[in-house]
Amino acid sequence: MAEIVSLTDGVAGVVHDGDTLVMEGFTHLIPFAAGHEIIRQGRRDLTLVRMTPDLIYDQLIGMGCATKLVFSWGGNPGVGSLHRFRDAVENAWPLPLELEEHSHAGMANRYLAGASGLPFAVLRGYVGTDLPAHTDTIKPITCPFTGEVLTAVPALAPDVTIIHAQRADRNGNVQMWGIVGVQKEAVLAAKRSLITVEEIVDSLDPRPQDVILPSFATTYIALAPGGAHPSYAQGYSYRDNAFYTEWDGISRERETFLRWMDEHVVRRAPAA
Amino acid sequence: MTEEYSADEMMTVAAARQLHNGTVCFVGIGLPSTAANLARFTHAPDVVLIYESGTIGAKPERLPLSIGDGMLADTADTVVSVPEVFNYWLQPGRIDVGFLSAAQIDRYANINTTVIGSDYRHPAVRLPGAGGAPEIAASCREGVVVVRQTLRTFVDRVDFVTSVGFGQGPGDRQRLGLRGAGPRVVITNLGVLTPHPDTCELTLVSVHPGATFEQAQAATGWPLAVSPELSTTDPPSPEELSVLRRLEASKGAT
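Respectively, the protein sequence lines represent chains A and B.
When you line the first sequence up against the numbering used here, it's residues 1051 to 1322, in that order.
When you line the second sequence up against the numbering used here, it's residues 473 to 726, in that order.
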């Protein structure tokens, strides 16, 4: 059964130096509060896995937490570049960043295979592109029934997956709705998991197209209201599009980035 | 009646006209999303917009800043997981049009959104990467590309093939096993290009009002093919312009 803990204890309990860490949430429900706690706890040498690194991994990369990134689209949605990600790749600042680069379809299928307990997934993808020449986790595979050549990608089986959801009940069952991305697969693929939530309630009344993660399938639940900001939690908050635009200026130079992180993350105590 | 309009507005209007009413369209963020929603608010009210965030049949009132804005989920016919949108909806060929943009494009409409520079490990510019584009370009029945035409974008060879157009020419898509037909049209700020039926090479078939073939050639890094029946694009109608401006003003509002 999932245990309900503080954000600080939850992060300390599941994230260790050298781990392969997944933090998912497709534009919606991105676990920023947990990401900031990882930075405060000073984790190092992480392999960060995420389809769209977004601002959260820009921050972890810029703060020197990561040595490798597994991803499929590394931009600031609707705005432009992730400057800390670019600085790491182009100038090895603050550390060299090894890349393992995929497409969205490939990453989604890697999570699906991990959640399904399979070693790899099969898809129609990547063919004719330059990605297989640079990413050794993309290989051709022949269908044993038709002889057709398809593409195989290995399962993702991270040490830990962290997601943000709308709410949990007191038994640790988690409920989320809206754009649910690949979070269910990412949690089920991982050895350990932490789910931060907007609120903890007595019972989970059904919502249209909701996704439930039963308590037995996760490790820790932590209360973190507003923990998806500047992304959003449908029904609780709106995406802070202005902040995504402001981040372009904050993150462009190393000095302004470090100053912002110090003021808003490093020296700020977690909410719970 | 003639109204002042910018080259970018002409480009977006020309791109929107490529979507027919009822078309099922996989939409990328940025120019494609603006054009697709312009089509929905003008001549194609029943266009079905699918965003890779899993929102199928999204009908946003305002322009989303990202492919995952909440109003896409609020207004969608259904919201599915990301594995489902790629595996059940895109991969089997259920989507008519893949609407993409590019950082670089070559004469066979191969697209680069990964790196600028010849060394992948040490790029001059690190771009966002593939996202959904490789499989959108492969599996949609056809592609529409919207991209500003400059010597930086229209290059003789793309530095990295992120998404396949026609590969190295005729027959390559079939050889690679790509099931969609490939890009049907490329819309730029200067004109409209379509692949030649025999050579697959992008051919200028229309210039926007005020633009010329010479301008298009000067913004292209290879000898640009031109149709013998080069036409001039119809300028934006007052309705197209007013809807576009209303949409642009609403971008990212919540």
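Glycine included, C-beta positions come from ideal geometry on N, C-alpha and C.
Asked                                                                                                                                                                                  : Found
Nearest to PRO517(B) by CA position, among ILE539(B), GLY494(B), LEU535(B), SER611(B), is which residue?                                                                               : GLY494(B)
Which class does PHE626(B) belong to by DSSP, given the choice of helix, strand or coil?                                                                                               : strand
Comparing alpha-carbon positions, which option in SER709(B), VAL657(B), SER722(B), LYS723(B) lies nearest GLU475(B)?                                                                   : SER709(B)
Leaving aside the five residues before and after ALA1165(A) along the sequence, list all residues of the same chain whose C-beta is less than 6 Å from its C-beta, in chain order.     : GLU1235, LEU1238, ALA1239
Between ARG645(B), PHE626(B), ILE501(B), ASP644(B), which lies nearest to LEU665(B) when the distance is taken from Cα to Cα?                                                          : PHE626(B)
Please report how far the alpha carbon of ILE1245(A) lies from the alpha carbon of GLN1284(A), in whole angstroms.                                                                     : 16 Å
What does HIS1154(A) touch in chain B if you count any residue whose Cβ is under 8 Å from its own?                                                                                     : GLU524, VAL554, PHE558, ALA602, GLY603, GLY604, GLU607
Tell me which same chain residues have a C-beta within less than 7 Å of the C-beta of GLN471(B), skipping the five on either side of it?                                               : Residue 471(B) falls outside the range modelled here, since chain B spans only 473 to 726, and no answer is possible.
8 Å is my cut-off, CB to CB: does PHE571(B) come that close to chain A?                                                                                                                : no
Take every Cβ of the stretch 1309-1319 of chain A, pair it with every Cβ of the stretch 1109-1118 of chain A, and state whether three or more of those distances are shorter than 8 Å. : yes
Within 7 Å: the Cβ of THR1268(A) and any heavy atom of the ligand GTP?                                                                                                                 : This structure simply doesn't include the ligand GTP, nor any ligand for that matter.
According to the Cβ coordinates, are GLY1114(A) and GLY601(B) closer than 8 Å?                                                                                                         : no
Go ahead and label TYR1270(A) buried or exposed: buried means 16 or more other beta carbons lie within 10 angstroms of its beta carbon, across all protein chains shown.               : buried
Whole angstroms is fine: what's the gap from ALA653(B)'s alpha carbon to GLU1296(A)'s?                                                                                                 : 40 Å
Beta-carbon within less than 8 Å of LEU702(B)'s beta-carbon, same chain only, minus the 5 sequence neighbours each way: which residues are those?                                      : LEU676, VAL677, SER678, VAL679, PHE685
Out of GLN1225(A), GLN1233(A), GLU1249(A), which has the shortest C-alpha to C-alpha gap to PRO1256(A)?                                                                                : GLN1225(A)
Please list the residues of the stretch 623-640 of chain B that have a C-beta atom closer than 8 Å to any C-beta atom in chain A, keeping them in chain order.                         : PHE632, VAL633, THR634, SER635, VAL636, GLY639
Name the chain A residues whose beta carbon is nearer than 8 Å to that of THR495(B)?                                                                                                   : The premise fails here: THR495(B) is roughly 22 Å from chain A at the closest Cβ pair, so nothing lies under 8 Å.
Residues in the stretch 1230-1244 of chain A with C-beta within 9 Å of chain B's C-beta atoms, listed in sequence order?                                                               : VAL1230, GLY1231, VAL1232, GLN1233, LYS1234, GLU1235
Using a C-beta to C-beta distance shorter than 8 Å, which residues of chain B count as neighbours of THR1097(A)?                                                                       : Per Cβ cutoff of 8 Å: no residues; THR1097(A) is ~17 Å from chain B at best.
Opposite ARG1242(A) in the DSSP bridges: which residues?                                                                                                                               : VAL1210(A)
Roughly how many angstroms separate the alpha carbons of GLY1128(A) and ASP1186(A), rounded to a whole number?                                                                         : 30 Å
Going by DSSP, which residues form a beta bridge with GLN1036(A)?                                                                                                                      : Past the edges of chain A, shown from 1051 to 1322, lies residue 1036(A), and the structure says nothing about it.
Could you tell me which whole beta strand (DSSP E) segments of length 3 or greater appear in the stretch 1265-1314 of chain A?                                                         : 1270-1273
Since VAL520(B) and GLY529(B) should fall inside the 8 Å C-beta cutoff, what is the C-beta to C-beta distance between them, to a whole number of angstroms?                            : 5 Å
With a threshold of 8 Å between beta-carbons, can ASP1059(A) be considered close to chain B, or not?                                                                                   : no
Need the endpoints of the alpha helix (DSSP H) that GLY570(B) sits in, please.                                                                                                         : Careful: GLY570(B) lies outside any alpha helix (DSSP H), inside the beta strand (DSSP E) at 569-572.
Taking Cβ-Cβ distances below 9 Å as the criterion, which residues of the stretch 1175-1200 of chain A are in contact with chain B?                                                     : GLY1175, TYR1176, VAL1177, GLY1178, THR1179, ASP1180, LEU1181, ALA1183, HIS1184, GLU1198, VAL1199, LEU1200
When you compare the CB of MET473(B) with every CB in chain A, is at least one pair closer than 8 Å?                                                                                   : Legend: pLDDT at MET473(B) = 48, less than 50; position of this residue unreliable, value from coordinates given subsequently. No - not a single Cβ of chain A is within 8 Å of the one on MET473(B).
Taking ALA508(B) as the reference, give the member of VAL569(B), ASP549(B), GLU673(B) with the closest Cα.                                                                             : VAL569(B)
Considering only C-alpha positions, which residue in the set CYS672(B), ARG620(B), PHE632(B), GLN621(B) is nearest to ASP644(B)?                                                       : CYS672(B)
How would you label MET1051(A), buried or exposed, when you count the other beta carbons within 10 angstroms and need 16 or more for buried?                                           : exposed
Please classify THR550(B) as buried or exposed, where buried requires at least 16 neighbouring CB atoms within 10 angstroms.                                                           : exposed
Which partner residues does HIS1078(A) have in the DSSP bridge list?                                                                                                                   : TYR1282(A)
Mapping the DSSP letters down to three states, classify MET473(B) as helix, strand or coil.                                                                                            : Unreliable placement is indicated for MET473(B), whose pLDDT of 48 sits below 50; the coordinate value is still reported in the next sentence. In this structure, MET473(B) counts as coil in the three-state DSSP scheme.
What residues of chain B sit near TRP1336(A), judged by a beta carbon separation below 7 Å?                                                                                            : Because chain A is modelled from 1051 through 1322, residue 1336(A) falls outside the range shown and cannot be assessed.
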